[in-house]
Amino acid sequence: MTSLPQNPSGVKLGLVIDLDICVGCHACAVNCKEWNTSGKLAPLTDLEPYGARPDGVWFNRIHTFEVVDEEAGTSRTVHFPRSCLHCEDAPCVTVCPTGASYKREEDGIVLINTDICIGCKLCSWACPYGAREYDEDEGVMKKCTLCIDKIYNANLPLESRAPACVSTCPAGARSFGDLGDPESDVSKLVEARGGYALMPEQGTRPVNRYLPPRPKKVGDDVAPRMLEHQDDSPDGAGLLARWVDKVLSA
Amino acid sequence: MHPAKSVIYFTTASGAGYGLLAWLGVLGAMGIIPADRTFGIAAFGSAFFFVISGLLSSTGHLGRPERAWRALSQWRSSWLSREGIAAILTFLPTGLYALAWVLLGQNTGLAGIIGLAGAGLALLTVFTTSMIYASLKTIPAWSNGWTSLGYLVMALTSGAWLGVLLLAVLGEPMPPYSLSVLAGLTVLMALIKLLYWRSLAKAPARSTAESATGLARFGTVRLIESPHSEPNYLLKEMGYRIARKHAGKLRFWGLFYAAMAPLILLGVAAGYAIPLAAIMPLAAASFAIGLVLERWLFFAEAKHVVTLYYGNSAV
Ligand code: SF4
Ligand code: SF4
Ligand code: SF4
């Protein structure tokens with residue numbers, strides 16, 4: 034069924050990505066690829082992996098943006114991981130003509146049944162976030178599964194039952210949990226840091242949240258810039274320095 | 527958006543086929559076109575040829591064409607599914623109507639009612655096709671009222687060109703005002719295109735690099751490093767870019783071939799009493815070139831919001 038769940042359980046599993054912490058190392062994307070290429074929507078086919086124009090399916094991509102505030106004369110670099118946001122009003126699900134794209138009632142995870150997908154690609158057109166990548170080789174669509182085969186995997190120790198990207202992030206920029214439960218750790222984190230949804234104007238109601246970079250420190254408590262040490266007058270310098278200055282200025 | 531040949535052929539060819547079926551249904555039922563066998567065979571033959579070859583071409587665009595039948599199941603939510611069902615349903619009345627016309631020489635009365643039903647379903651199918659595009663909020667150039675209006679008027683206009691071409695070539699009598707209606711529709715189509723482009727130019731951006739990243743509070747957002755060095759599926763499918771100056775030229779040539787040239791040819795034919803059978807093939811061919819150019823541009827010019835993550839600043 035590609036209609037959205039009529040009676041969602043209230044559980045909304047998703048990711049919280051901290052843009053203040055992410056260092057843009059791509060480790061989450063690499064581990065995502067590694068786990069999922071033998072996971073539920075396997076394989077994540079690569080075409081010409083060692084050729085001149087390598088191409089392949091990834092569920093997670095890391096962009097780097099520069100944000101410039103012309104007025105304040107400041108700029109900052111923000112590393113920005115992008116994967117499926119498991120939207121509540123997922124347009125990728127409702128446009129699907131076959132029922133291959135669906136949203137799970139019990140936890141809100143958006144998945145694809147690749148056994149019935151016809152590869153019409155319409156779902157990838159409907160997703161504002163570029164979360165779906167087509168597998169040219171298999172002729173079907175692929176996307177982030179929220180590592181459904183890891184988070185519920187009873188064969189794994191409890192602490193490993195988190196998405197691959199979350200487990201692997203060396204900086205701890207990614208969190209996973211139930212964003213439908215206001216008491217969960219992720220919900221509290223979103224609350225405390227002012228987490229937000231991407232492109233709310235598209236009406237998809239994403240579950241995933243992004244935490245904004247913390248404001249830059251300006252004022253007395255920041256380390257002085259190197260150039261501020263430069264001193265053109267010898268006053269206040271030590272004896273030796275004054276002597277050298279005298280010799281050189283002569 | 528990547529202008530896929532299969533989809534351009536599908537939308538233009540099946541549009542012309544459904545347009546002609548709609549005209550045959552209405553004008554036949556009203557007794558304006560007699561149930562002439564030769565014309566019936568030629569008209570229904572070419573309408574079904576364009577509809578069927580268009581539908582086949584659209585399934586050729588699928589990654590798994592052998593599973594195409596599955597696309598009929600999700601009509602509750604999916605316009606693509608609704609289109610598939612409408613396309614199949616249309617074959618019933620239009621097929622019966624064609625048989626009545628060609629075998630029984632009947633196109634009014636009961637046959638006419640079936641013909642009218644077929645005409646309605648044919649236009650409904652074109653409408654469902656247009657809604658596949660119009661329902662995509664991610665592509666502002668498509669998700670507006672002009673898309674359905676454009677598809678319907680273009681289907682009716684191209685169907686009319688096809689019908690008049692067949693009448694002219696077969697030397698059949700033209701229904702009254704045929705050429706004026708044809709010219710009027712062609713002008714209307716060009717006008718809709720012009721107004722559509724004007725509204726696109728005026729429309730404010732729906733999403734921006736700032737809303738895509740949520741970083742507006744820190745300033746202007748600019749991509750400095752792409753996640754990958756080579757184009758991926760997203761860029762190949764949705765990152766298609768066409769230079770503004772080329773788009774401008776193509777818009778002009780599209781209108782030139784679709785409207786200006788064919789109308790001038792019709793005018794010349796009327797003025798110099800050149801037989802329609804000689805001028806119509808040329809005029810219709812020019813119209814077809816213009817139509818395909820227009821449809822190519824409809825895809826090539828449409829920007830998808832995912833490009834905001836890849837260097838576009840507003841869509
Ligand atoms: S991010 Fe895209 S693919 Fe994921 S649920 Fe939302 S619309 Fe669908
Ligand atoms: S590509 Fe597959 S999953 Fe996506 S809309 Fe088409 S059939 Fe559904
Ligand atoms: S949740 Fe799993 S599939 Fe989704 S981006 Fe993270 S690692 Fe990849």
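Sequences listed follow chains A and B, in order.
Counting from 34, one number per residue, gives the positions in the first sequence under the numbering used here.
Counting from 527, one number per residue, gives the positions in the second sequence under the numbering used here.
Ideal Cβ positions, reconstructed from N, Cα and C, are used throughout, including at glycine.
Subject >> Beta-carbon proximity of residue 798 of chain B to residue 735 of chain B, cut-off 9 Å >> reply: For the purposes of this step, residue 798 of chain B is identified with residue 272 of the second sequence, where counting begins at 1. For the purposes of this step, residue 735 of chain B is identified with residue 209 of the second sequence, where counting begins at 1. No, the Cβ-Cβ distance between residue 798 of chain B and residue 735 of chain B is not below 9 Å.
**OP:** Within the same chain, show all residues whose beta-carbon is closer than 8 Å to that of residue 238 of chain A, passing over the 5 residues directly before and after it, in chain order.
**Re:** For this step, residue 238 of chain A is matched to residue 205 along the first sequence. For residue 238 of chain A, where only same-chain residues beyond five positions count, the Cβ hits under 8 Å are 120, 121, 122 and 230.
Subject >> Host alpha helix (DSSP H) of residue 617 of chain B (start-end) >> reply: Taking the second sequence and counting its residues from 1, the one referred to as residue 617 of chain B is at position 91. Residue 617 of chain B -> alpha helix (DSSP H) spans 605–629.
Subject >> Three-state secondary structure (DSSP) of residue 230 of chain A >> reply: The sequence position of residue 230 of chain A within the first sequence is 197, counting from 1. If DSSP states are grouped into helix, strand and coil, residue 230 of chain A belongs with coil.
Original post:
Shorter than 9 Å from the beta carbon of residue 605 of chain B to some beta carbon of chain A?
Top reply: Within the second sequence, the letter at position 79 stands for residue 605 of chain B. Chain A contact via Cβ: present.
Original post:
alpha helix (DSSP H) containing residue 710 of chain B: first to last residue?
Top reply: Start at 1 with the first residue of the second sequence, and residue 710 of chain B comes out as number 184. Here the alpha helix (DSSP H) through residue 710 of chain B covers 704–728.
Subject >> Per-residue burial, residue 215 of chain A [other beta carbons within 10 Å of its own, 16 or more giving buried] >> reply: As a position in the first sequence, residue 215 of chain A is number 182, starting the count at 1. The residue in question, residue 215 of chain A, is exposed, as its Cβ has fewer than 16 Cβ neighbours within 10 Å.
Original post:
Which residue's Cα is closest to the Cα of residue 152 of chain A: B:627, B:544 and B:587?
Top reply: Numbered from 1 along the first sequence, position 119 holds the residue referred to as residue 152 of chain A. Nearest option by C-alpha distance: B:587.
Original post:
Can we count residue 179 of chain A as close to ligand 3, meaning its CB is less than 8 Å from some heavy atom?
Top reply: If you number the first sequence from 1, residue 179 of chain A lands on position 146. At least one heavy atom of ligand 3 is nearer than 8 Å to the Cβ of residue 179 of chain A, so yes.
Original post:
How should residue 178 of chain A be labelled, buried or exposed, when 16 other C-beta atoms within 10 angstroms of its C-beta is the threshold for buried?
Top reply: For this step, residue 178 of chain A is matched to residue 145 along the first sequence. Flag for residue 178 of chain A reads buried.
Original post:
Quick one: is the Cβ of residue 157 of chain A within less than 8 Å of any heavy atom of ligand 2?
Top reply: Locating residue 157 of chain A in the first sequence gives position 124, counting from the first residue. For ligand 2, at least one heavy atom lies less than 8 Å from the Cβ of residue 157 of chain A.
Original post:
For residue 708 of chain B, which option in B:727, B:679 and B:761 has the closest C-alpha, if you only look at C-alpha atoms?
Top reply: Numbered from 1 along the second sequence, position 182 holds the residue referred to as residue 708 of chain B. The residue with the shortest Cα to Cα distance from residue 708 of chain B is B:679.
**OP:** Compare the C-beta of residue 750 of chain B with all C-beta atoms of chain A and state if any pair is closer than 9 Å.
**Re:** As a first step, residue 750 of chain B is located in the second sequence; it is residue number 224 there, counting from the start. Yes - at least one Cβ of chain A is within 9 Å of the one on residue 750 of chain B.
Subject >> Any beta strand (DSSP E) of 3 or more consecutive residues that is wholly inside the segment 97–176 of chain A >> reply: 107–115, 134–136, 143–145, 165–168 and 173–176
Subject >> Continuous beta strand (DSSP E) stretch holding residue 751 of chain B: start and end >> reply: As a first step, residue 751 of chain B is located in the second sequence; it is residue number 225 there, counting from the start. Segment 746–751, the beta strand (DSSP E) holding residue 751 of chain B.
Subject >> Residue burial classification, residue 645 of chain B (beta-carbon count within 10 angstroms, cutoff 16) >> reply: The residue labelled residue 645 of chain B in the question sits at position 119 within the second sequence. Burial call: buried.
Original post:
Exposed or buried, residue 56 of chain A, counting other C-beta atoms within 10 Å across all chains shown (16 or more means buried)?
Top reply: Looking up residue 56 of chain A in the first sequence gives position 23. With fewer than 16 Cβ atoms within 10 Å of its Cβ, residue 56 of chain A is classed as exposed.
**OP:** Determine, using beta carbons only, whether residue 821 of chain B comes closer than 9 Å to chain A.
**Re:** Taking the second sequence and counting its residues from 1, one reaches residue 821 of chain B at position 295. So no, residue 821 of chain B is outside the interface.
**OP:** Express the C-alpha separation of residue 234 of chain A and residue 703 of chain B in angstroms, rounding to a whole number.
**Re:** Translated into positions along the second sequence, residue 703 of chain B becomes position 177. Translated into positions along the first sequence, residue 234 of chain A becomes position 201. Rounded to whole angstroms, residue 703 of chain B to residue 234 of chain A spans 48 Å at the Cα level.
Subject >> Short CB-CB distance (under 9 Å) between residue 831 of chain B and chain A >> reply: Mapped onto the second sequence, residue 831 of chain B falls at position 305. Yes, residue 831 of chain B lies at the interface with chain A (some Cβ there is under 9 Å from its Cβ).
Subject >> Bridge partners - residue 50 of chain A, DSSP secondary structure assignment >> reply: For the purposes of this step, residue 50 of chain A is identified with residue 17 of the first sequence, where counting begins at 1. DSSP output for residue 50 of chain A lists A:207 and A:243 as bridge partner(s).
Original post:
So what's residue 590 of chain B in DSSP terms, helix, strand or just coil?
Top reply: Taking the first residue of the second sequence as 1, we reach residue 590 of chain B at position 64. The answer is coil: DSSP assigns residue 590 of chain B none of H, G, I, E or B.
Original post:
Are residue 74 of chain A and residue 175 of chain A closer than 9 Å when you measure CB to CB?
Top reply: Taking the first sequence and counting its residues from 1, one reaches residue 74 of chain A at position 41. Taking the first sequence and counting its residues from 1, one reaches residue 175 of chain A at position 142. Against a cut-off of 9 Å, the Cβ pair of residue 175 of chain A and residue 74 of chain A comes out as a contact.
Subject >> Contacts of residue 818 of chain B in chain A (Cβ-Cβ under 9 Å) >> reply: Along the second sequence, read from residue 1 onward, the residue named residue 818 of chain B stands at position 292. What residue 818 of chain B touches in chain A: nothing, since even the nearest Cβ is about 21 Å away.
Original post:
Is the Cβ of residue 234 of chain A closer than 9 Å to any Cβ of chain B?
Top reply: Here residue 234 of chain A is taken as the residue at index 201 of the first sequence, counted from 1. Output row for residue 234 of chain A: interface = yes.
Subject >> Local Cβ density within 10 Å of residue 778 of chain B, reported as buried at 16 or more and exposed below that >> reply: As a working note, residue 778 of chain B is residue 252 in the second sequence. Residue 778 of chain B is exposed by the Cβ-count criterion.
**OP:** Reducing DSSP to helix, strand and coil, say where residue 80 of chain A ends up.
**Re:** Translated into the one-based positions of the first sequence, residue 80 of chain A becomes position 47. It is a strand residue.
**OP:** Could you tell me if residue 94 of chain A is buried or exposed, where buried requires 16 or more neighbouring beta carbons within 10 angstroms of its beta carbon?
**Re:** Indexing the first sequence from 1 puts residue 94 of chain A at position 61. Result: buried.
**OP:** Quick one: using the 10 Å Cβ neighbour count with 16 as the cut-off for buried, is residue 721 of chain B buried or exposed?
**Re:** Here residue 721 of chain B corresponds to residue number 195 of the second sequence, with the count starting at 1. It counts as exposed.
Original post:
What did DSSP end up calling residue 89 of chain A once you bin it into helix, strand or coil?
Top reply: Translated into the one-based positions of the first sequence, residue 89 of chain A becomes position 56. The answer is strand: DSSP assigns residue 89 of chain A an E or B state.
Subject >> Cβ neighbour criterion (16 or more within 10 Å) applied to residue 618 of chain B >> reply: Your numbering for residue 618 of chain B matches position 92 in the second sequence. Residue 618 of chain B is exposed by the Cβ-count criterion.
**OP:** Enumerate in chain order the residues of its own chain whose CB-to-CB distance from residue 697 of chain B is below 7 Å, with the five nearest sequence positions on each side excluded.
**Re:** Translated into the one-based positions of the second sequence, residue 697 of chain B becomes position 171. Only 803 meet the Cβ criterion.
**OP:** Please confirm whether any heavy atom of ligand 3 lies closer than 8 Å to the CB of residue 196 of chain A.
**Re:** By one-based count along the first sequence, residue 196 of chain A stands at place 163. Yes, since a heavy atom of ligand 3 falls inside the 8 Å radius drawn around the Cβ of residue 196 of chain A.
**OP:** Give the interface partners of residue 92 of chain A over in chain B, defined as CB-CB distance under 9 Å, in chain order.
**Re:** If you number the first sequence from 1, residue 92 of chain A lands on position 59. Going along chain B, no residue has its Cβ under 9 Å from residue 92 of chain A, so there is no contact; the nearest lies around 12 Å.
Original post:
For residue 60 of chain A, which option in A:279, A:207, A:277 and A:160 has the closest C-alpha, if you only look at C-alpha atoms?
Top reply: In the first sequence, residue 60 of chain A corresponds to position 27, counting from 1. Measuring from the Cα of residue 60 of chain A, the nearest candidate turns out to be A:207.
Original post:
By Cβ distance below 7 Å, which residues in the same chain neighbour residue 580 of chain B in space, the five residues on each side in sequence not counted?
Top reply: Within the second sequence, the letter at position 54 stands for residue 580 of chain B. Excluding sequence neighbours, residue 580 of chain B sits near 535, 536, 539, 540 and 543.
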